[in-house]
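Visitor: For what it's worth, this note's numbering labels the leading residue of the sequence shown as 1033, then goes sequentially.
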Amino acid sequence: MVGAKIVIVFDFGRTLIAEDNDRWVVENMGLTHLFNQMMEELHSENKTVEQITECLKDVLLHPHTISAIQSTHDLGCDLKVVSDANEFYIETILKHHGLERYFSKVITNPISVDGEGILRIFPYHMASCNLCPPNLCKGLVIEQIQASLSEKGKSRFIYLGDGRGDYFPTLKLNKGDHVMPRKGFPLSNHLLSDPNLLKADSHEWSNGQELESILLQLIEKIYKE
């Protein structure tokens, strides 16, 4: 599709990284039982922001996922992250792997460190969508991205995700777009339950190698159309 802009939207936890990013921090500090109150409890256990940062640096990205990010950027694609995690986790991990410069935007929950040194997470926005978490409706975010690009010429979307919160945004994709659900995860199950609701083409993947292979094939296909 000559002249088309390809926009690749990545979820983060269990998509760009193999682990759930929140659970990674808690489990690797031996605090699984504190998951739901993670930040305050980590602080109460004398876990500092610096320690959390160092823990996040141990999060592994599949080598093929890293090369997929680099290759798609070099091919002229516009890469974005849309995630219900938070900017501290995402930016720390991307920066550690030298990948932050490949993404034009990271859309996620903002975070700040208060006077006591506790990480405080705030909602990206408040939404009334019953398919997404109230702090971040990815469907609304996709609509906003689509609207921002509509006046700039043709664009095609490739959306990669795994979770229930990734379902609504895939329904916003158009014919000619593509969704890449991680096989065996909630997004894939939702799409399989009623495939007629999806206008985009779906392509399952299981690991970084498959992610890279399918993604590059789709980009080649779009550019040839």
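Note that the Cβ used here is the ideal one computed from N, Cα and C, for glycine as well.
Computed from a predicted structure; not experimentally measured.
With H, G and I counted as helix, E and B as strand and the rest as coil, what does DSSP make of Gly-1208?
Guide: coil
Visitor: Taking 9 Å as the threshold (C-beta atoms), are Leu-1093 and Leu-1048 in contact?
Guide: Yes. Within cutoff.
Visitor: Report the rounded CA-to-CA distance for Leu-1248 versus Ala-1050, giving the unit in angstroms.
Guide: The alpha-carbon atoms of Leu-1248 and Ala-1050 are separated by roughly 20 Å.
Visitor: Kindly indicate the opening and closing residues of the beta strand (DSSP E) around Leu-1192.
Guide: 1187-1193
Visitor: Given that a residue counts as buried once 16 or more other Cβ atoms are within 10 Å of its Cβ, and exposed if not, what is Gly-1240?
Guide: Residue environment analysis places Gly-1240 among the buried positions, since at least 16 neighbouring C-beta atoms fall within 10 angstroms of its C-beta.
Visitor: If you compare alpha carbons, which of Asn-1162, Pro-1142, Ser-1160 is closest to Phe-1154?
Guide: Pro-1142
Visitor: Just list the residues that DSSP pairs Arg-1152 with in beta bridges.
Guide: Ser-1144
Visitor: Leaving out five residues on either side along the sequence, give the residues of the same chain with a beta carbon under 8 Å from the beta carbon of Ser-1136.
Guide: Within the same chain, and ignoring the five residues on either side of Ser-1136 in sequence, the residues whose Cβ sits closer than 8 Å to its Cβ are Asp-1110, Leu-1111, Lys-1112.
Visitor: Starting from Phe-1135, follow its DSSP beta bridges and name the residues at the other end.
Guide: Leu-1111
Visitor: At what residues does the beta strand (DSSP E) containing Ile-1038 begin and finish?
Guide: 1037-1042
Visitor: What does Ser-1213 pair with, by DSSP beta-bridge criteria?
Guide: Checking the displayed sequence, the identity of residue 1213 turns out to be Pro instead of Ser. Looking at the DSSP assignment, Pro-1213 forms a beta bridge with Gly-1193.
Visitor: In terms of residue numbering, what span does the alpha helix (DSSP H) encompassing Lys-1256 cover?
Guide: 1240-1256
Visitor: Does DSSP put Ser-1160 in a helix, a strand or coil?
Guide: Here Ser-1160 sits in coil by DSSP.
Visitor: Measuring straight from C-alpha to C-alpha, what distance separates Phe-1014 and Leu-1192?
Guide: Given a span of 1033 to 1257 for the chain in the structure shown, any question on residue 1014 remains unanswerable.
Visitor: Given a threshold of 16 other Cβ atoms within 10 Å of its Cβ, counted over all protein chains shown, does Lys-1186 qualify as buried or as exposed?
Guide: It is exposed - the Cβ of Lys-1186 has fewer than 16 other Cβ atoms within 10 Å.
Visitor: Are there 16 or more other CB atoms within 10 angstroms of the CB of His-1157, so buried, or fewer, so exposed?
Guide: exposed
Visitor: Please confirm whether Glu-1236 and Lys-1215 have their CB atoms less than 9 Å apart.
Guide: yes
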